[in-house]
Structures are given as structure tokens and as C-alpha cells.
Amino acid sequence: MYLFSAHNITKNYAAHTALKNVSIDVPEQSIFGLLGPNGAGKTSLIRIINQITAPDEGELFFAGQKLCPKHISLIGYLPEERGLYKKMKVGEQALYLAQLKGVSKPEALKKLKYWFEKFDILDWWNKKVEELSKGMQQKIQFIVTILHDPKLLIFDEPFSGFDPINVNLLKEEILNLKNNGATFIFSTHNMSSVEELCDNIALINKSEKILDGKVHEIKNTYKANIFEIGYHGYSADFNNFLPQAFEILGNVSQNDVSKAQIKIPTSATPNDLIQSIIPHLKIVSFNEILPTMNDIFIQKVNEQKI
Amino acid sequence: MKKIRLIIQREYLSRVKKKSFIIMTILGPVLMASIWIVPFFLATMSDEKKVVSVVDETGIFVDKFESTDKVFFVYEADLEKAKEDLPKEKYSAVLYVYKPSNSIPDHAVMYYSDKSPGIVTQSYISNAMQTILKNNLLISAHNISKEDYDLINRTNIKLNTEDIRTGKKSYTEIKTALGIFSGILIYFFIFMYGAQVMRGVIEEKTSRIVEVIVSSVKPFQLMMGKIVGIALVGLTQFLLWILLTFFIITSLQIAKPDVFKTPKTEQAFDAGQKIPSADQFQLQKLQNQEFKELIAGLFDINYGLMIIQFLFYFLAGYLLYASLFASIGAAVDSEADTQQFMLPITIPLLFAIIMSNFVINNPDGPVAFWLSIIPLTSPIIMMVRIPFGVPVEQVYLSMGLLILGFIATTWFAGKIYRTGILMYGKKASYRELWKWLKY
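Chain order of the listed sequences is S and V. So the mapping is simple: the working numbering equals the position in the first sequence, first residue as 1, plus 3. So the mapping is simple: the working numbering equals the position in the second sequence, first residue as 1, plus 2.
What follows is the structure in C-alpha cells.
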């Protein structure tokens, strides 16, 4: 069951095409990464999902229904450029923004109190936003975004501007919300920050989707059969005992432990590698090196350039 | 609809609660009241009386100066003695008229010790001297009798105009003042509150909150909420100003009733130590007559109707321009960039203000008619015309067109606004605005 689907979205601006035939499917209760370099068309897609702008072609579905204005209250949006009214008091402002999303005033008050207590920021209620630090403002913005219990949360560059402690706090809350049934779309060009959280991704480059799927499947597709072996001793000469087709990519020593990276041919298995090493070296560790999303991202984007 | 109400409420409350609003609300009536009160105070305030000692070698001016409550003249024969007396603070100044070569004096010298006589005193003395000199020449040199001379001086035709249908006087001066005043007031209101709309949009855009808000409401709703909210702020301020001005004036009238009396005839001449001549009484009467007419003229105007029309043209004119101001705010990233787009807004308003002088001179002419019909200038020009009486059908036509104009500019500006608020980082050009219109 997909909570949100976009089919063949095309969006043209006067001079250029922002999105060309882009389709995405976001499964319910998952985290979906919308990846792509700057200017790829992520923000255009997000604005279309938020119904800020309309697509020229294509259809959008929310929980099986055609996307329409009544879904606005089911979507929460944290834009990349965070912003609040600087001169307005924190509490007043949070209340206003929640009411704009259709939450009644007493309901909003109750929920705000819960979240302000949870983040231990109750004493900020009567402060003006401009008196708060950037990190504090981000927390407020996060609370405002999720206050109306949206089914779908869209975070544009979710972790930019947060310090490591707050990033962890945020991750924790995101996972909590996910466990309680929320679905997320992350839009980012910073792969590593979202890699561990995303279940599915779509990679957009130059207005087109060039890759999508489950994160672990994509990683498996792009893995290069490279393994890392840790062993006691100093830079052993693998050429002496490795079969011909095996390729040594690196071999470095630190203290009395060395690490070697070996690429095995598709015909061989990791077991073949271990078997050929065991008689010669004292193995400390053995693991496969999977490509990071970052590597895949760079590879795919560069491929398209050529 | 509920969301627009929320936006209006926020825009209204956040402005009304501001210190600057409260200060302006209090300061406005104080300024307005002071326009009424200060002249009265100035009139009653007794300036230090200046004593001018006149040393006249020609003899033409001796005993001819009229002392007032400001300047008092004494006559001295010896210049040196008068100069000696000057530092002892007996006199403020010594006026020395020396005997000219061709018997008509054209020069006089004022000696002073510590303070230079003010420009008012100087011009009073030089005017008085000219009158005395003319007087002297006409009477003595051309044998015109004093009575004839006074008669010549008093020729002054006052034109009274009356409406043939109602038989009422038309009080043109008061209507002129009232028309120009309300036209300028509308001009200021449009700029003041229009600029507030623009600044509000820029604030939302630069603080990036706009993206959060347009994910909850339509950009058009946000724009209209802001415009209506600020219109209510304007109305609130206007009404508070009227109430407070009224309050200040009435409470002052109760506390210090004498302040509001017009300077009395006897006061003006008391100081002069000179019994006013019959002519001067005549003059005073004439002035009183004019004053009465002024008051009558003020009462002649239908204020209820005028205030209703003023409120309409204020609101509709503001609404017409406010959406344009909003679209300018959306097209730029900072207030400094607004200049280039302000011109198309400033020109029609400024043009209307400049033309209002022309319209006053001919309130029923074709220029007045067209400018009060065209929506961009009609809020100002129609207010200028209204005190003179405008045919009902013209008022309705102008109002109808103004409402249509408001709908047109709002539609037009809404399109620019919708695109502009989400464009960051670059200053738009007119060409880009044109493109945004077609999105």
C-alpha cells in the first residue's frame, strides 16, 4: 500500500523543464529519500506534493485518492529554508501555524504543551523568535511541522543546521513518529545523513528520475565484490597465495594489524577468498565493503554527464 | 474562509500591539490638535514689546507710526541721544531716517544694541513707512483728501457665490481647503498602509516563513488576509485619531476656554495707547464678518456624506494599490530593491496630487471628470471634487470603476505575488514579472 504516489509528473517553467516524467511511490510507514544534486528538481517536486504549485502533466495520489486541498491538513512540511516570524512570540506563533493547518485552538494548546515539555522548552513560550538561537528555532519549527499529526511528513534537508546532539534527538523523534504510523519524504543532496534512515530512495538528476528502489537492493546492485580483511602482522604479500583473478586494491598497516581490500571475480565466493588466506594469515576481521549511497549517487550523476 | 480570518486576525493584532502603532495613535491627534491650538496660543502669547525710537530728519514720519501690541514707537529729535539711550535698554532699536537729497526718503537705518529686530518687526516697519510715505505724497503733493485716500485703500471686492437651486452660498475657500486636505490624506494613507503591506510581504519572504504558510493556505488567501488585516489597522488608527483629536480639543476647551477665543478687538488696541479710529473698527467688523462666514461655510458641508465617501475612497483606493504593493514585496528580496518597482505606483498618485490644484480651479471640467473616473487617480481627485458637489451618477460611476479596478489589480498582482514569494536570491526584472503573469 502506497501512502503517496506521483505518476509521470512534468513541470515546465518558462525557460526550462523542472521535472520530466517523474514517478515516485512512497510506501506507508516508511522513509523515502528524494535524492539529487542542487537544481535537480527536488524542490519543484516537493512544492507540487505540497500543492503550492500544480504540475503541468501527471497525477498525484494520497492514500489512493487524487491529491486535493483537503489533504493539506494531512501533510507536514519542513522547508529547507527554515523560517518563523521573528517578532512574534514563540507560543503565539506555534499556535497560529497549527491553526492554519486546521487544528482547533484548545487542541493545539494541549499538543504544544506536550511537545514543549518533552523538549524542555516551556520557558520559551513568551520569548520572541529573534531572541532564540538558530538551533532553538529549528526545534520550534520541527514541533510546528508535526503538531497536526500529519500522515505524510516532508522534510527538505532535514538535518541541515542542527548540531550533532539535536540531529540525534531529531532522528529519534523521526523514528518514533514512523513507528506510530507516519510516512516521511526526505529531500536532500547530502546522502550520508539520510542513508541510515531511508527505506527507499529515488535519485533525480536534471529533471529526470535516474534511479529508484529499496536502499539495500540498490546497494546490492551496485556492490563491487570488494572485501576487507583485517589480520595480524605487517603487509603480507597476498600475491604469493591468492588466485590469479583476485585483485588487491589496498593493503595498509596500523600498529600490528593490517587491512587489505580485495576484489574477487564474480565467479568466486567470499568463502574461496577466506580459504586461500586462512593457511597464511591470522584473520582478525572480514567484511564486505558495500558502496555508500554517496558513491552510487556520484557514479550515476557522472554517468549521465557522459 | 476560516484560514483567511486567522491571517487577518494575526496581521491586525500583531500591528495594533506594536509600540509604533500606539505611539502614532497618540502622536497623530496631538499633532492634529496642535494645528488647531498652536495658532491660538501664539496669538495670545504676549511677545516682549519692542520699543523703537524714531529719529526722523525729514519730519514725514513723526507721530505717524501706529503702535501695536508688538512694536511701540517713541519719537526722539536727537540721534546721538537716542543712540546713547539704546544700551541702557530703554529702546530695542533706533530708527534713523535722514534727509535725502531729492526730498523723497528711500533709506533708513536701524541701530540696535544686543538683538537684531526680527524679520516680522522689520517688515512691519518698512511697510508702515511705505504707507506713510504714499499717504503723505498723495495727500500733500496731489491734494487728495484723507477721506478719498482711505476710500482708495479700502477698495476690495468680495465675491459671494450662491447656488441658484438651493440659494446657498458656495464658500469656495473652505471647500478648496477641505478638498485638498482630504485628497492629501488619502494619498498619505495609501502610501503609509500600502508600504506596510509591502514590508509585511518582504518580511515573510526574507524570513522564509512564507513557504510554511503557503503549504497550509493559498498564496492569494495569504495576500488578501494581509491586505484586509492592514486595512483594518488603518481604519482603527483613523477612528482613534478622530476620537482622540475630538477628545483633546473638547477637554482643552473645558479646561482653558479662553484659549479658543479669537483675539479681541480691544486687546489688539489696548497696547497701542492709541484710540482706534472709526476706520479700524470698520475693518475689524469686516474681519469678523469673514470669520463668521468661515464658520458658516464649515457648517454648510455635509460631513456625514463626506466621511462616508472618504471612508469609501480611502478603503477602495488602498485596496487598489495594496495588492500592487504586495506584488512589489514579492518580487524583491529586500526593501532596498523596491525602488525600481515603486515608480509605477508613485507616478499616478503623485500625478493626482499635482493635478488636484488644477482640479480645484475647475472642479467640473473635463480634466477633473476624467481623473475622478479613472481608478488609479480617482480616490484622490474625487475626494478633492466632493466638497464642491459632484453629480450622483458620476460618483457612482467612479465608485463602480474603482471597485473593478481593485479587482483587476488584485488579480494581476496576485499572479506576480504567487510566483514571486517562492523566488529567492535574485532580483526580478520587469521582463520576469511579465513572465510570472503568464505562469
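Ideal Cβ placement from N, Cα and C applies to all residues, glycine included. All figures in this text were calculated on a predicted structure; none of them were measured in a lab.
I'd like to confirm the pairing. Which residues does DSSP put opposite residue i in its beta bridges?
| i | result |
| --- | --- |
| histidine 235/S | Val260/S |
| leucine 37/S | Ser190/S, Ala205/S |
| asparagine 1/S | Residue 1/S is absent from the structure shown; chain S starts at 4 and stops at 309. |
| phenylalanine 289/S | Ile232/S |
| leucine 97/V | Val56/V, Met112/V |
| aspartate 159/S | Ser190/S |
| lysine 266/S | Ile229/S, Glu250/S |
| valine 255/S | Lys262/S |
| histidine 10/S | Glu62/S |
| tyrosine 5/S | Pro30/S |
Take residue i as the anchor and find which of the options has the nearest alpha-carbon.
| i | options | result |
| --- | --- | --- |
| aspartate 259/S | Ser238/S, Leu63/S, Ile267/S, Lys266/S | Ser238/S |
| glycine 422/V | Phe327/V, Val397/V, Ser374/V, Ser125/V | Phe327/V |
| methionine 26/V | Ala95/V, Ile244/V, Pro102/V, Phe314/V | Ile244/V |
| phenylalanine 162/S | Met194/S, Lys131/S, Asn182/S | Met194/S |
| tyrosine 55/S | Ile388/V, Tyr419/V, Val235/V | First, the residue type needs correcting, since residue 55/S is isoleucine and not tyrosine in the sequence shown. Isoleucine 55/S has its Cα closest to that of Tyr419/V, out of Ile388/V, Tyr419/V, Val235/V. |
| asparagine 155/V | Glu164/V, Ile375/V, Ala143/V, Asn137/V | Asn137/V |
| aspartate 152/V | Trp438/V, Ser358/V, Leu140/V, Ile251/V | Leu140/V |
| alanine 332/V | Gly236/V, Gly185/V, Ala197/V | Ala197/V |
| aspartate 298/S | Lys108/S, Ala227/S, Glu176/S | Ala227/S |
| tyrosine 99/S | Leu307/V, Leu439/V, Leu15/V | Leu15/V |
| proline 393/V | Tyr195/V, Phe371/V, Phe183/V | Phe371/V |
| valine 230/V | Glu206/V, Leu317/V, Met308/V | Leu317/V |
| tyrosine 114/V | Met131/V, Ala95/V, Ser358/V, Ser325/V | Ala95/V |
| phenylalanine 360/V | Val386/V, Leu351/V, Ile347/V | Val386/V |
| valine 40/V | Lys20/V, Asn364/V, Leu254/V, Gly402/V | Leu254/V |
| isoleucine 376/V | Tyr195/V, Ser128/V, Leu406/V, Lys228/V | Leu406/V |
| proline 107/V | Pro119/V, Thr252/V, Asp58/V, Val76/V | Asp58/V |
| aspartate 159/S | Glu211/S, Ser196/S, Phe189/S | Phe189/S |
| valine 197/S | Phe300/S, Leu77/S, Phe7/S | Phe300/S |
| isoleucine 10/V | Leu242/V, Lys228/V, Asn363/V, Ser431/V | Lys228/V |
| tyrosine 315/V | Phe408/V, Val111/V, Thr247/V, Glu337/V | Phe408/V |
| methionine 4/S | Lys23/S, Asn223/S, Asn24/S, Val29/S | Val29/S |
| isoleucine 312/S | Glu306/S, Val25/S, Ile265/S, Ala21/S | Any property of residue 312/S remains undetermined from this structure, which presents chain S solely from 4 to 309. |
| leucine 403/V | Asp335/V, Phe222/V, Met384/V | Met384/V |
In terms of residue numbering, what span does the alpha helix (DSSP H) encompassing residue i cover?
| i | result |
| --- | --- |
| leucine 22/S | Run containing leucine 22/S: none in the alpha helix (DSSP H); it sits in the beta strand (DSSP E), 20-30. |
| alanine 318/V | 305-333 |
| asparagine 169/S | 167-182 |
| aspartate 275/S | 273-280 |
| glutamate 211/S | Per DSSP, glutamate 211/S belongs to no alpha helix (DSSP H); it is in the beta strand (DSSP E), 211-217. |
| threonine 78/V | At residue 78/V the sequence reads glutamate, which differs from the threonine that was named. Here glutamate 78/V belongs to no alpha helix (DSSP H); instead the beta strand (DSSP E) covers 73-78. |
| serine 253/V | 221-257 |
| arginine 50/S | 45-52 |
| proline 346/V | 341-363 |
| serine 184/V | 174-208 |
| aspartate 152/S | That residue, aspartate 152/S, is in no alpha helix (DSSP H); it is neither H nor E in DSSP. |
Just how far apart, CA to CA, sit residue i and residue j?
| i | j | result |
| --- | --- | --- |
| glutamate 82/V | glutamate 149/V | 38 Å |
| valine 235/V | lysine 72/V | 47 Å |
| leucine 439/V | methionine 308/V | 38 Å |
| glutamate 13/V | glutamine 96/S | 12 Å |
| threonine 133/V | lysine 66/V | 10 Å |
| glutamine 278/S | proline 294/S | 25 Å |
| methionine 225/V | threonine 174/V | 42 Å |
| aspartate 80/V | phenylalanine 249/V | 58 Å |
| proline 72/S | threonine 272/S | 54 Å |
| threonine 380/V | serine 358/V | A quick correction: the sequence has serine, not threonine, at residue 380/V. Cα-Cα distance, rounded: 11 Å. |
| valine 216/V | proline 40/S | 25 Å |
| phenylalanine 241/S | isoleucine 251/S | 8 Å |
| glutamate 268/V | leucine 351/V | In this prediction, glutamate 268/V has a pLDDT of 40, which is less than 50 and means its spatial position is unreliable; what the coordinates show is noted afterwards. If I take the Cα positions, the gap works out to 48 Å. |
| leucine 313/V | phenylalanine 145/S | 44 Å |
| serine 50/S | valine 18/V | Here residue 50/S is arginine; the residue named in the question, serine, does not match the sequence. C-alpha separation (whole angstroms): 33 Å. |
| serine 1/V | histidine 109/V | Because chain V in this structure spans residues 3 to 441, residue 1/V falls outside the shown range and cannot be described. |
| isoleucine 121/V | isoleucine 127/V | 10 Å |
| leucine 156/S | alanine 233/V | 36 Å |
| glycine 105/S | serine 76/S | 6 Å |
| glutamine 263/S | asparagine 223/S | A small fix is needed here, since residue 263/S is alanine in this sequence, not glutamine. Taking the straight line joining both Cα atoms gives about 21 Å. |
| lysine 90/S | glutamate 133/S | 6 Å |
| lysine 113/S | arginine 85/S | 24 Å |
| threonine 252/V | tyrosine 195/V | 29 Å |
Within the continuous beta strand (DSSP E) that includes residue i, where are the two ends?
| i | result |
| --- | --- |
| lysine 136/V | No beta strand (DSSP E) holds lysine 136/V; the alpha helix (DSSP H) holding it covers 121-138. |
Exercise. Whole alpha helix (DSSP H) runs in the segment 370-438 of chain V with 4 or more residues, listed along the chain?
Worked result: 380-387, 394-422
For this session: Any chance you could list the alpha helix (DSSP H) runs of at least 4 consecutive residues sitting entirely within the segment 63-136 of chain S, in chain order?
Result: 93-103, 108-121
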